Amino acid sequence: MATPAFLGQFEQMVLLSLLQLGDEAHAISIRRHLAERANHRITRGALYRTLDRLDAKGYVDWETDEPTPERGGYARRRFHVTKNGLAALRASQKAIDQLRRGLDAVLRKPS
Amino acid sequence: MSRRDGPPPVAEKLLRRTIPTGLRGHSILGDLQEEYRLVMGRRGTGLADIWYWFNAILLSVQYSLPTDGGRHRRSHAVARRATNRANTMESLLHDVRFSARNLFKRPGFTIVVMATFAVGIGGTVAMFSAINAVFLRPLPYQDPDQLVFGTRRSSQGAGGFVSGQDYLDYREQSDAFQSLATIRGFELSATVTGDGAAERVSEQMASTELFATLRVAPALGRDFVKAEEKADADRVVMLSYGFWQRRFGGEGDVIGRTLGVDGQPHIVVGVMPSEFDFPKGTEIWRPMREDTPWASSRGPQNWFVVGRLKEDATIVQAQEQVDVIGARLEEEYPATNTDRRLHLTSFHERLVSRARPMFLVFTGAVGLVLLIACANVAGLLLARGVTRSSELAVRSALGASRGRLLRQLLTESVLLATSGGALGLMLTFWLLRVVKQFAPPDVPGIRELGIDGTALVIALGLSVVTGLLVGLLPALKSASSDVSQNLSPGRGASERSSATGLRGALVVGQVTLSLVLLIGAGLLMRSFLQLQSVDPGFDADRLLTAEVALPRDGYPSSQELTQFYRTIVSDLNARPGVMAAGAISRLPIASGGGDYPVYPEENPPADPSERSSAIARSITPGYFDAMRVPLLSGRAVDANDTGDAPPVVVVDEALVRRYYPDQNPLGKNLVLGFREPRSVQIVGVVGEVLASSLNDVPYPTMYFSVEQWQQRTMTLAVRTTAQPTTFTNTLRAAVRDLDPNVPVAKVASMRSVISDSVSQPRTTTLFLGGFATVALLLAALGLYGVLAYFVNQRTREIGIRIALGAAHGKVLGLVLRRGLLLVGVGVALGIGGAVATTRFLQSLLFEVGTTDLLTFAGVSLLLTLVAVAACAIPAWRATRVDLLTALRVE
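Residue numbers (the numbering used here), protein chains in the order written: chain A, 1 to 111; chain B, 1 to 890.
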């Protein structure tokens, strides 16, 4: 594919959260981050499936931590954005930016 | 109870089946477990388990829905569109709108299904709320897990009272507790005087550390201090919030005032907060003093123990420690402490254990009703699936995929379930009001019963899950039917036989489950009737009772007491409308206990451990007449049995059986007590009376003249010519005229005293009966549906048969046979199921076996009759089929 496909809004939000959280980006913190920063509450299932989809497209990658007893011996996945993911995010954001051009007056209007 | 450390294993197993395998899935399980622990820390294990279940189910559903453009290879454009969340939402909304339209088109079907769901879901949520309020909600005390309850354990079991002296030793010698308190095992009433009229209040006595052990501080004033246990300390009293409001109008300067309690001055030291209510209904608490007769020696056992474990101590460790102390006490005091130990249970367990069998039965019943409701709806949906098979075939021919149809059908059933669930919540609201009204009032948490957030979540979850479960099978069946077959005209009944078979199986299941419920309800009802028909040993009709207590200041000695009882009884007897009047120290049925060591004079026990006891009651002359307790031989207590006369006793048949089998007891002597034995002569024998409850067995009883065995509190029994309650004011006036300082309490007809004593079995019977009726109706509805459908399907065949001369009886038989076959199989299975499950009712039954033949047969017959009625309507309709309409059907 020459140009990366444009990302859905929610996919962009997840990728941005991953970048913000850095080394601390795992499912629980991402969900919390989205709720606190973007006031966007989503179900666990929606987040997992979006992460899976981004993973399948090659936009995110993950590694596991050491399993701990309070997680019942299950390892935690830490996610990060891949090069392709960053490119797709840039392209999507750029498209939005270009569409926004000249609309600052409208969009920033204090309500 | 061993505590599980992680989330509910079954929920985890469910989740593991649906989420991806390998590290991806593991990380999801780990995330959920991590959050589970957070919830557990904040809300407790019960709510955390529910939280986990909810999320496990939600995640499972989310992972089992078809992936958007995942598996199916579609064109690029379609795939991209499908990944768009907004579009998914839109098509879901479309499905919902379409379903709603569809359902509105068939209001009859929709209402029946919704109502069925409402009954199932509403009942389940109500029961869940009740269980949540009573069993899962923590006690209103700080760190309730540390609280333990102590009773006496002997080789006969645990649960008895503990001796006050033993308690003091346990308190002294154990170090597993932060504090160890004691409370008298039974409530008494005390007369409060000073600052207003004399009144009877519910009084409790506890060691000074009770409130500190529960970690509840007085709202006003101070807690008891240890020095107030001493015999030379000032007498003090703690007031309940309600009593303080009622008697003092909430005045702040009540602290330090002096109140008379049973004639002795007591200084008010504090007022407990309004939410503190332990033991239930207590209005004043007094410290256990060294000189209280309840705790003065090691023999009498009147106390329960309430302890708070040290932070690092477990109940098992504490039990081991008190066992060692108990063994030491046994060695030291073999005469009293042989086979006597302190038994610890968790405080919560102690408070809820009484309500447990009732709640277990209700939960089982509600579960069965929910299952029946689901089976019913599944049956209805199956039938509907068949009738709309051509609609589905057309849509599928126009290009709707199987998944798309499936989703549409599931949306419909979930929509039905959720709207039914919403309706069910109204039912819940109403049911909870009923529960609140009928449940025993001292069950903790029952007053706070209501629909909360958790209940709403459960209702929603239940709706979605039952909607999916119930809809899945019919939807799969409908969506998979063959297009060409369903569109071709003149299709016969045979190709739908698998759906019909499935419906038949569902009806059998409903009949089975409702028979189990009905038999359970039938057994309880039989048991209740049995209980009602028990002869208490007296005539309870037209009998008014009321308790009077003579304060110490007006009645310091036996002369005044005697005078009062003589006057009040003769005064009542003289009033118009009174047939007979008398008084007794403890009213039968209402109040058991009060037994006293005794042995026949000519046959003293060799070993004091073989001592036996009999119930001791003081009565006035006329008591037996008023109660209509039959005098079998000798004479009753009469006016000549005064304090100066030789002591006499009237005994009952049970006592004669025990001590004087085949002998004439009249003139023989009984010896009372051991330390200062005194002997009394038997002058009469009366019939047996049940002392503490209807499901009691008669216990040997002795009746003394109140003039020879003084009592400050007596219950008047007045036999009236008219309705006893119309006599209430006259009775109050009679006491007031005699002495306005004597409080009259617990005025009630003997019938209502008896009725109150069986309120719990009545509630259980009523509830289970209600559930069983609903189950029966649902099953009948299901049966009716299947047969009506059967007749519908065969209209043409039946019409032709009738046209060709088949007798009505034959047609009727054809339909009835089919219905009765289903019922027969269901009844057979139901009886098997009932035999296997009714033993759980054992503890609730009175003189009825768990496999009572009469109940089993009667209930099976009842169900069969209802089933025949349900079959009869479609069968009758079948006979009315005429050929013309029959041929027009296609």
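Note that CB positions come from ideal geometry on N, CA and C, so glycine has one too.
None of these values were measured; they are calculated from a predicted model.
Reduced DSSP secondary structure (H/G/I, E/B, other) of residue i
i	result
Asn-39(A)	coil
Asn-302(B)	strand
Ala-373(B)	helix
Leu-884(B)	helix
Ile-619(B)	strand
Ser-353(B)	coil
Trp-709(B)	coil
Val-689(B)	coil
Val-434(B)	helix
Leu-18(A)	helix
Gln-914(B)	Only positions 1 to 890 of chain B appear in this structure, which leaves residue 914(B) out of reach.
Asn-640(B)	coil
Leu-631(B)	strand
Thr-701(B)	strand
Lys-94(A)	helix
Gly-504(B)	helix
Gly-159(B)	strand
Thr-18(B)	helix
Phe-6(A)	coil
Ser-749(B)	strand
Ala-870(B)	helix
Ala-878(B)	helix
Per-residue contacts from residue i into chain B (C-beta, under 9 Å)
i	result
Ala-75(A)	Leu-23, His-26, Ser-27, Gly-30
Gly-85(A)	Under the 9 Å cutoff, chain B gives no residues; its nearest Cβ is about 16 Å from Gly-85(A).
Residues bridged to residue i (per DSSP)
i	result
Arg-719(B)	Leu-543(B), Ala-580(B)
Glu-676(B)	Paired residues: none, contrary to the question.
Ser-612(B)	Val-598(B)
Ile-682(B)	Val-649(B)
Arg-200(B)	Thr-191(B)
Glu-63(A)	Arg-78(A)
Val-236(B)	Ile-267(B)
Leu-220(B)	Val-271(B)
Val-744(B)	Val-548(B)
Ile-183(B)	Ala-206(B), Phe-304(B)
Asn-669(B)	Gln-681(B)
Met-13(A)	For Met-13(A), which the question treats as bridged, DSSP gives no partner whatsoever.
Thr-258(B)	Ile-267(B)
Met-714(B)	Val-548(B)
Below-7 Å beta-carbon distance, residue i vs any chain D residue
i	result
Thr-50(A)	Protein chains A and B are contained in the structure displayed, whereas chain D is not.
8 Å Cβ cut-off: residues of chain A touching residue i
i	result
Arg-37(B)	Glu-70
Contact test: residue i Cβ vs the ligand COA heavy atom, cutoff 6 Å
i	result
Gly-667(B)	In the structure shown, the ligand COA is absent, as is every other ligand, since no ligand is present at all.
Under 7 Å from the C-beta of residue i: neighbouring residues of chain A
i	result
Asn-376(B)	The contacting residues do not exist; Asn-376(B) stays about 31 Å from chain A at best.
Gly-6(B)	Gly-72
Glu-34(B)	Ile-28, Glu-70, Arg-71
Listed by chain order, chain B residues near residue i by CB distance under 7 Å
i	result
Thr-82(A)	Neighbours of Thr-82(A) on chain B: none; closest Cβ ~17 Å, over 7 Å.
**OP:** Report the residue ranges of all beta strand (DSSP E) runs contained in full by the stretch 260-347 of chain B; include only those spanning at least 3 residues, in chain order.
**Re:** 264-271, 284-287, 301-309, 341-346
Original post:
If you measure beta-carbon to beta-carbon, which residues of the stretch 14-46 of chain A are closer than 8 Å to chain B?
Top reply: His-26, Ala-27, Ile-28, Thr-43, Arg-44, Gly-45, Ala-46
Subject >> Runs of beta strand (DSSP E) wholly within the stretch 108-157 of chain B (minimum 3 residues, chain order) >> reply: 147-154
**OP:** Output the residue ranges of the alpha helix (DSSP H) runs that lie fully inside the stretch 783-843 of chain B and measure 4 residues or longer, sorted by chain position.
**Re:** 795-803, 808-837
Subject >> Proximal residues, the stretch 53-65 of chain B versus chain A, C-beta separation under 7 Å >> reply: Within the stretch 53-65 of chain B, the residues whose Cβ lies closer than 7 Å to some Cβ of chain A are Asn-55, Leu-58, Leu-59, Gln-62, Tyr-63, listed in chain order.
**OP:** Output the residue ranges of the alpha helix (DSSP H) runs that lie fully inside the stretch 20-72 of chain B and measure 4 residues or longer, sorted by chain position.
**Re:** You should have 22-43, 45-64.
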